[in-house]
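Undergrad:
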Amino acid sequence: MTIEKRIVLSSDHAAIALRQSVADHVAKQGWEVIDIGPTSPESTHYPLHGKAAAEAVASGDCQLGIILCGTGQGIMMAANKVPGIRCGVCSDTFSARMIRQHNDANMLSIGARVVGEGTALDIVDAFLSAEFEGGRHATRVDMIEA
Ligand code: RB5
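The opening position of the sequence shown corresponds to residue 12 in the working numbering, with each subsequent residue numbered one higher.
#1: What is the DSSP secondary structure of residue 43, reduced to helix, strand or coil?
#2: In whole angstroms, what separates the C-alpha of residue 61 from that of residue 69?
#3: So, residue 64 versus residue 21, is the Cβ gap smaller than 7 angstroms?
#4: Please state if the CB of residue 99 and the CB of residue 116 are separated by a distance shorter than 7 angstroms.
#5: In angstroms with no decimal places, state the Cα-to-Cα distance between residue 33 and residue 44.
#6: Taking residue 54 as the reference, give the member of 81, 24, 92 and 72 with the closest Cα.
#7: Evaluate residue 51 with the Cβ neighbour count: other Cβ atoms within 10 Å of its Cβ, from every protein chain shown; 16 or more gives buried, anything less gives exposed.
#8: Under the criterion of a Cβ to heavy atom distance below 6 angstroms, does residue 23 qualify as lining ligand 1?
#9: Rounding to the nearest angstrom, what Cα-Cα distance links residue 123 and residue 30 in this structure?
#10: Go to residue 95, then tell me how far its alpha helix (DSSP H) extends in each direction, as first and last residue.
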């Protein structure tokens, strides 16, 4: 069963501080935050953390997920290997809105070495406030899944 307003967060070592900011930000908006770490600043492997967050979304335990690494790219690639995950890297609010409206993205990836905290939180807001438009976009999302 999908829990409304439960969101999973993860990152690698490059994005721990920004992940904490995102966690605080979305918690203030009423989201139940499942932050699966890591907490240590030691170097780690982003595929592990992308996969773990993606599985929490794919299983239905969390409605959405936000993942972060240095560029947002590597952890996004790992997450997208999990069936049912549609994750985009965003460095701007337009893209963050559109990946929800047109691509029905269920995960957002952000590069902590690419955008500053203010932009990152705006990107998060754009992603969380947008809704999938369905219609012709549903046909295309179905094609992705197939
Ligand atoms: C870690 O140095 C870095 O490679 C990682 O955070 C990410 O940018 C990979 O895509």
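The beta-carbon is built from N, C-alpha and C at its ideal position, and this holds for glycine as well.
TA: Checking against the coordinates, here is how it stands:
#1: If DSSP states are grouped into helix, strand and coil, residue 43 belongs with the strands.
#2: Each residue's alpha carbon lies about 12 angstroms from the other.
#3: Their beta carbons are under 7 angstroms apart, which means residue 64 touches residue 21 by this criterion.
#4: Yes, they are a contact pair.
#5: Going by the C-alpha atoms only, they are around 10 angstroms apart.
#6: Minimum Cα distance to residue 54 is reached at 24.
#7: So residue 51 ends up on the exposed side.
#8: At a threshold of 6 angstroms, residue 23 counts as near ligand 1, since its beta carbon sits closer than that to one of the ligand's heavy atoms.
#9: Going by the C-alpha atoms only, they are around 9 angstroms apart.
#10: Unbroken run through residue 95: none, as it is neither H nor E.
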